[in-house]
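Okay, so the sequence shown: first residue is 0 according to numbering that gives the first Met the number 0, each after it adds one.
For reference, the structure is listed below as structure tokens.
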Amino acid sequence: MSEILDYQVFDSQLQHHIEAIGTLAQWSRGENMLPLTLDSVKAHLFGLLAFKDSSIAGYRAVTASYESDTYYELGGLIVAPQLRGQGYGYEIASYHFAAAREVFPKARYLIFVNAASKAIAGKLGFVAPKSVTELPQAIYEPCASSCREYVACRLVGKMCCHEVVIWDPAI
Ligand SMILES: CC(C)(COP(=O)(O)OP(=O)(O)OC[C@H]1O[C@@H](n2cnc3c(N)ncnc32)[C@H](O)[C@@H]1OP(=O)(O)O)[C@@H](O)C(=O)NCCC(=O)NCCS
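In structure tokens, the structure reads:
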């Protein structure tokens, strides 16, 4: 990966952002992630679109906050299918996380990771929590409402089909 990406904070008033979200929504369908939709992206606290040669290349967001802004959740990470495996996922996640810590400083962060995104979170300094009981239980609410794997997870006693990793500025 050698080209520099053009990062833009999502703005629902911009037509090219709306069109980009349509593309992201298509990419996210069938992936092991909560599907991205215009409504879900509008609800994100800090969404960052990455463009390459004026085309949408990827996305990452601060999706939610918990326990009076003690914890922020990062999510929605996606890279254009044709650009995967070239370092763009790490580049986008890294740029977004640095920006997020300026917008929401002194907070703890958490991410639901899958097999593909786990290495990226690890490179950003995220680690497994000592116990899942230290996590806000509200983080699992979207699983029940939006994830097609939810019932299968609960049948085997899991809260979520993803692992949760955390980043704490005090560590
Ligand atoms: C996950 C995703 C964003 C990774 O983007 P990417 O540009 O391919 O990732 P990178 O090339 O920057 O790779 C970064 C690291 O992740 C690892 N990785 C990437 N894809 C992987 C995969 N499918 N399985 C295992 N590891 C993977 C790479 O090996 C690399 O690790 P390394 O630095 O130790 O070599 C991309 O595959 C994607 O959009 N997937 C669909 C959406 C998704 O699953 N999002 C995560 C939701 S939790």
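Idealized CB from N, CA, C, for every residue including glycine.
Residue i versus the options, residue with shortest Cα-Cα distance
{"i": "A49", "options": "L109, Y94, Q25, K157", "result": "Y94"}
{"i": "S27", "options": "L13, T69, P80", "result": "P80"}
{"i": "I176", "options": "A114, A127, M158, P135", "result": "Past the boundaries of the shown model lies residue 176; the chain is included only from 0 to 170, so the question cannot be answered."}
{"i": "P34", "options": "G86, V163, Q136, C142", "result": "C142"}
{"i": "H43", "options": "T22, A56, A63", "result": "A63"}
{"i": "F103", "options": "C146, F125, V155, S67", "result": "S67"}
{"i": "E133", "options": "R59, L73, L23, I165", "result": "I165"}
{"i": "A151", "options": "S145, C160, S144", "result": "C160"}
Ligand 3 heavy atom lying under 7 Å from the CB of residue i
{"i": "S116", "result": "Because ligand 3 does not appear in the structure shown, any question about it cannot be addressed here, the ligands present being ligand 1."}
Nearest-angstrom Cβ-Cβ length linking residue i and residue j, presumed shorter than 8 Å
{"i": "V78", "j": "Y71", "result": "That pair is no contact at about 22 Å."}
{"i": "E162", "j": "K122", "result": "About 15 Å separates the two Cβ atoms, so there is no contact after all."}
Spatial distance of residue i from residue j (CA atoms)
{"i": "I110", "j": "E140", "result": "14 Å"}
{"i": "K51", "j": "A92", "result": "15 Å"}
{"i": "G75", "j": "D167", "result": "20 Å"}
{"i": "G84", "j": "L13", "result": "30 Å"}
{"i": "I20", "j": "Y149", "result": "25 Å"}
{"i": "D10", "j": "M158", "result": "33 Å"}
{"i": "K173", "j": "L82", "result": "Lying outside 0 to 170, the shown extent of the chain, residue 173 is not represented and no answer is given."}
{"i": "A99", "j": "I3", "result": "19 Å"}
{"i": "K129", "j": "S53", "result": "42 Å"}
{"i": "R153", "j": "R59", "result": "27 Å"}
{"i": "K41", "j": "G156", "result": "32 Å"}
{"i": "L23", "j": "F125", "result": "25 Å"}
{"i": "P135", "j": "L73", "result": "14 Å"}
{"i": "S144", "j": "A97", "result": "30 Å"}
Where residue i falls: helix, strand or coil (DSSP)
{"i": "G21", "result": "helix"}
{"i": "L154", "result": "helix"}
{"i": "A63", "result": "strand"}
{"i": "E133", "result": "helix"}
{"i": "D10", "result": "coil"}
{"i": "S93", "result": "helix"}
{"i": "D174", "result": "Residue 174 cannot be examined here, being either before or after the span of the chain that is shown, 0 to 170."}
{"i": "A56", "result": "strand"}
{"i": "L123", "result": "coil"}
{"i": "G88", "result": "helix"}
{"i": "A42", "result": "helix"}
{"i": "A49", "result": "strand"}
{"i": "R100", "result": "helix"}
{"i": "L109", "result": "strand"}
Test item: CB-CB of residue i and residue j under 8 Å
{"i": "A120", "j": "V131", "result": "no"}
{"i": "V8", "j": "L37", "result": "no"}
{"i": "A114", "j": "Y87", "result": "no"}
{"i": "Y65", "j": "A137", "result": "yes"}
Interface flag, residue i vs chain D, CB-CB below 8 Å
{"i": "I3", "result": "Absent from the structure: chain D. Only one protein chain is present."}
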